[in-house]
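Residue numbers (the numbering used here): 612 to 730. Backbone N, C-alpha and C define an ideal beta-carbon position, used for all residues, glycine too. Everything numeric in this text was worked out from a predicted model, so none of it was measured. Here the structure is laid out as structure tokens; the discussion comes afterwards.
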Amino acid sequence: YTGEEQTATLTNIGEHYTVTGNKQTNAGTYKVTVKLNDDKNYTWTDGTNVELSLDFVINAVKVEKPVITGTYTYTGEEQTATLTNIGEHYTVTGNKQTNAGTYKVTVKLNDYKNYTWTD
């Protein structure tokens, strides 16, 4: 996934058939179909004239999971958990607290279709 349209590369391109589904913009698995334009007068090299279906895979971008570092001590002031591997593809909540205690920090990918954690 690059954020831009991706086109499946097909070899042996010819004028006697039509390709559909080979241009996509998001990560995922898509069906590319190849159909003979004139299946009465043309066949594939194996003698058939059936529509072909191929998988076109666009991989999601792998994002490093952030890690909380450091030790925090109550000061009466807001404390912000320091995260390593900070990135633009996720949202962090719960990382700012004022009172003593144990808190859950949540990190959520903003776009689950096109981005995934490295693991």
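Between Thr691 and Ile679, the gap from beta carbon to beta carbon reaches 8 Å or more. In the assembly as shown, Leu647 is a buried residue. Its beta-carbon has 16 or more other beta-carbons within 10 Å. Comparing alpha-carbon positions, the option among Asn637, Ser664, Asn633 and His627 lying closest to Lys651 turns out to be His627.
Closest option to Val630, judged by alpha-carbon separation, among Lys673, Glu615, Leu663 and Thr729: Leu663. Of the candidates Lys719, Glu688, Tyr612 and Asp666, the residue whose Cα lies closest to the Cα of His700 is Lys719. If you check the CB distance, Ile669 and Asn637 come in under 8 Å.
A straight-line Cα-Cα distance of about 12 Å links Gln635 and Thr620.
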